[in-house]
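K.L.:
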Amino acid sequence: MNSVDAAGLGIGDDYPPRIMGVLNVSEESPYDPSVFDDPGDAARYVDEELIDQGADIVDIGLESANKRFDVLSAEEELERLHIACETIESVSGDAIYSIETRYAEVADEALSRGFDMVNDIAGFADPEMPVVCEEYDVAVAKMASPPNLERPGAVEETDWATRKSPEWATNADYVDQVYEALKQNGLTDKTIVDPAFGGWSEAQTLEDDRETFRRLREFRALGRPMLVSINRKNFLGELAGRETEDRLPVSLAATSLAVERGAHVIRTHDVAETRDAALIGNAFTERSSDSRGELSVSRLDVHSSRDLRAHLAERDIESTVADDWSALAVEITGLGADDRVRFTSIVAEYNADVYGVDNGQLLVLGSTTAISDVSDRLRDENGDLSALAGSLAAMLR
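If you're matching positions, the sequence shown starts at 1 in this note's numbering and goes up one per residue.
(1) Would you mind working out which of PRO146, ALA122, ASP116, VAL155 sits nearest TYR136, comparing C-alpha positions?
(2) With DSSP as the reference, label TYR103 as helix, strand or coil.
(3) Could you spell out the range, first to last residue, of the alpha helix (DSSP H) harbouring ASP176?
(4) Helix, strand or coil, according to DSSP, for ASN382 in the structure here?
(5) With a threshold of 16 other CB atoms inside 10 Å of the CB of THR87, please say whether the residue is buried or exposed.
(6) Once the 5 residues before and after ILE51 are set aside, which same chain residues still bring their CB inside 8 Å of it?
(7) Is it buried or exposed for VAL341, if we count other Cβ within 10 angstroms and need 16 for buried?
(8) Mind checking which residues open and close the alpha helix (DSSP H) that includes SER345?
(9) Assign TYR355 to one of three DSSP states: helix, strand, or coil.
(10) Between which two residues does the alpha helix (DSSP H) containing LEU257 stretch?
(11) Given ALA394, which residues of its chain have a CB within under 6 Å of its CB, disregarding the five upstream and five downstream residues?
(12) Give me whichever residues DSSP pairs with TYR97 in a beta bridge.
(13) Quick check on the DSSP output: the alpha helix (DSSP H) that includes ARG18 runs from which residue to which?
(14) As an exercise, report each continuous beta strand (DSSP E) stretch of at least 3 residues that is fully enclosed by the segment 120–203, in chain order.
(15) For ARG210, report the span of its alpha helix (DSSP H) as first-last.
(16) Label GLY8 either buried or exposed according to how many other C-beta atoms from any shown protein chain fall within 10 Å of its C-beta, with 16 as the threshold for buried.
(17) Compare the C-alpha of GLY262 against each of PRO16, SER26, ALA370 and name the closest.
(18) Tell me the DSSP secondary structure of ALA387 in three-state form.
(19) Residues in its own chain within less than 7 Å of LYS164 by CB, not counting five upstream and five downstream?
(20) Locate the beta strand (DSSP E) running through GLY10, then write down its first and last residues.
(21) Give the secondary structure of ILE266 by DSSP, where H, G and I count as helix, E and B as strand, and everything else as coil.
(22) Can you give the beta carbon distance from SER145 to PHE197, rounded, assuming they're within the 8 Å contact cut?
(23) Output yes or no for whether 8 Å exceeds the beta carbon distance between LEU335 and LEU295.
(24) The alpha helix (DSSP H) that contains ASP316, what's its start and end?
(25) Rounding to the nearest angstrom, what Cα-Cα distance links CYS399 and TYR97 in this structure?
(26) Quick check on DSSP: helix, strand or coil for LEU227?
(27) In terms of alpha-carbon separation, which member of GLY40, GLY186, TRP200, ALA387 lies closest to VAL25?
(28) Distance check for PHE219 and LEU363, CA to CA, integer angstroms please.
(29) Who are VAL46's beta bridge partners in DSSP?
(30) Taking Cβ positions only, does VAL347 come closer than 8 Å to chain E?
(31) Just mark HIS311 as buried or exposed, buried being the case when its beta carbon has 16 or more other beta carbons within 10 Å.
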């Protein structure tokens, strides 16, 4: 998983989950507590309700993305930008500032006036957006969207038969479309992917959101950190029979699950509570490992073929992985050169694969049965290979 440096804030597997608090300077936005048109009032809100409560990132929206409202032009967004810029100049707390916009022109101006990153809800529909972000060397959240500036998030409205292929369009489900939408128009080195939860179009159903959430780990295969915006969303509220104002508990439960499933940034209006839920999810995220002296064995968090392909790509390993792949991926460090050769020859006796990585690591892929057989076989060896038998057995518990 590639980590991202957002103006000094690390985002990715090696860092704690980050909380993105929300401020709006758009009078049409429906969530009144976060909407301001006075920079002084907005700055106090950011300090007291966002940063002091645990927000690492403050995301400032210039217009409501609600599909019920007309889309503002770049010029109209720029007319509101001064409020956002004056706000961040008045804030006393420490945070990273993100500008939510679909326009490269607006992002360029905001970044030149003190913003640290971009939240693009239209998924690089403006082809200049990744160019601008790369020029400023900033992190950018990219939400899954069609190549249409006026239809953010409505991935099912993409003409996939033309853009991908007729066969693919016939067989793809909603999550496949979201995944492919994130790949469209590329990814910068500092892209953070957003699977687009919420009712972005009439065709998007609550079950679409629930299925995306169930399969959240699959988006790790893109090799980028992940942002989720699930705060008080309908797909959660319906499960508990709660209206928006009563959905905080279901949002917090989902936040813990989202972090456990691979989310790195949680966008929310309820900062303090969401921070706590994210920390709980992070504490219980499955990161199985076993260390014995210099020897270390880790079971990679792989739950789909997409996950595995991402791990292989990160290690510059070329391997064909079937779409229905389901097995274990174990990384081994600390074996000496002779032991690595001996281990590789033993693995070859079983239905498993082993790959060497540049820094002396080994990556082993195989079924639970195959890894178990290798573990049993290693018990007859000496030294580190015998210790490796115990570590591999620990990964199977």
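Glycine is no exception: its CB is placed at the ideal position from the N, C-alpha and C atoms. This one's a predicted model, so the numbers in the text were calculated from it and none came from an experiment.
P.N.:
Short version:
(1) Here residue 136 refers to the residue found at position 136 when the sequence shown is read from its first residue. Out of PRO146, ALA122, ASP116, VAL155, ASP116 has the C-alpha closest to the C-alpha of TYR136.
(2) In the sequence shown, residue 103 corresponds to position 103, counting from 1. Reduced to three states, the DSSP call for TYR103 is coil.
(3) The residue you call residue 176 lines up with position 176 of the sequence shown. ASP176 -> alpha helix (DSSP H) spans 174–183.
(4) One-based indexing of the sequence shown puts residue 382 at position 382. Of the three classes helix, strand and coil, the one that applies to ASN382 here is coil, per DSSP.
(5) Taking the sequence shown and counting its residues from 1, one reaches residue 87 at position 87. Looking at its Cβ environment, which holds 16 or more other Cβ atoms inside 10 Å, THR87 is buried.
(6) As a working mapping, residue 51 is identified with position 51 in the sequence shown. Closer than 8 Å at Cβ, skipping near neighbours: GLY21, VAL58, VAL91, GLY93, ASP94, ALA95.
(7) As a working mapping, residue 341 is identified with position 341 in the sequence shown. Exposed, since its Cβ has fewer than 16 Cβ neighbours within 10 Å.
(8) Within the sequence shown, the letter at position 345 stands for residue 345. Per DSSP, SER345 belongs to the alpha helix (DSSP H) from 337–347.
(9) As a position in the sequence shown, residue 355 is number 355, starting the count at 1. Looking at TYR355 - three-state DSSP - the assignment turns out to be strand.
(10) Position 257 of the sequence shown, counted from the first residue, corresponds to residue 257. Residues 248–260.
(11) Indexing the sequence shown from 1 puts residue 394 at position 394. ASP290.
(12) To locate residue 97, count along the sequence shown from 1; it is residue 97. Paired residue(s): VAL58.
(13) Here residue 18 is taken as the residue at index 18 of the sequence shown, counted from 1. Premise fails: ARG18 lies in the beta strand (DSSP E), 18–24, not in any alpha helix (DSSP H).
(14) 140–143, 191–194
(15) Walking along the sequence shown from the start, residue 210 turns up at place 210. Taken as a continuous stretch (DSSP letters only), the alpha helix (DSSP H) holding ARG210 covers 206–214.
(16) Taking the sequence shown and counting its residues from 1, one reaches residue 8 at position 8. It is exposed - the Cβ of GLY8 has fewer than 16 other Cβ atoms within 10 Å.
(17) Walking along the sequence shown from the start, residue 262 turns up at place 262. The residue with the shortest Cα to Cα distance from GLY262 is PRO16.
(18) What you label residue 387 is simply residue 387 of the sequence shown in a count that begins at 1. Three-state result, ALA387: helix.
(19) The sequence position of residue 164 within the sequence shown is 164, counting from 1. Taken in chain order, the residues that qualify are GLU180.
(20) Within the sequence shown, numbered from 1, the residue matching residue 10 stands at position 10. It spans 9–11 - the beta strand (DSSP E) in which GLY10 sits, taken as one unbroken run.
(21) Residue numbering aside, residue 266 sits at position 266 when the sequence shown is read from its first letter. The answer is strand: DSSP assigns ILE266 an E or B state.
(22) Mapped onto the sequence shown, residue 145 falls at position 145. Mapped onto the sequence shown, residue 197 falls at position 197. Their Cβ separation, rounded to whole angstroms, is 13 Å, which puts SER145 and PHE197 out of contact at 8 Å.
(23) Along the sequence shown, one-based indexing puts residue 335 at 335. Along the sequence shown, one-based indexing puts residue 295 at 295. It is a contact, given that the beta carbons lie within the stated cut-off.
(24) Numbered from its first residue, the sequence shown carries residue 316 at position 316. ASP316 -> no alpha helix (DSSP H), and no H or E assigned at all.
(25) Given a span of 1 to 397 for the chain in the structure shown, any question on residue 399 remains unanswerable.
(26) Along the sequence shown, read from residue 1 onward, the residue named residue 227 stands at position 227. It is a strand residue.
(27) Against the sequence shown, residue 25 aligns to sequence position 25. The candidate whose alpha carbon is nearest that of VAL25 is GLY40.
(28) Position 363 of the sequence shown, counted from the first residue, corresponds to residue 363. Position 219 of the sequence shown, counted from the first residue, corresponds to residue 219. Straight-line Cα distance between these residues: approximately 21 Å.
(29) Here residue 46 is taken as the residue at index 46 of the sequence shown, counted from 1. Looking at the DSSP assignment, VAL46 forms no beta bridge with any residue, so it has no partner.
(30) Note that chain E does not occur in the displayed structure, where there is just one protein chain.
(31) Walking along the sequence shown from the start, residue 311 turns up at place 311. HIS311 is buried by the Cβ-count criterion.
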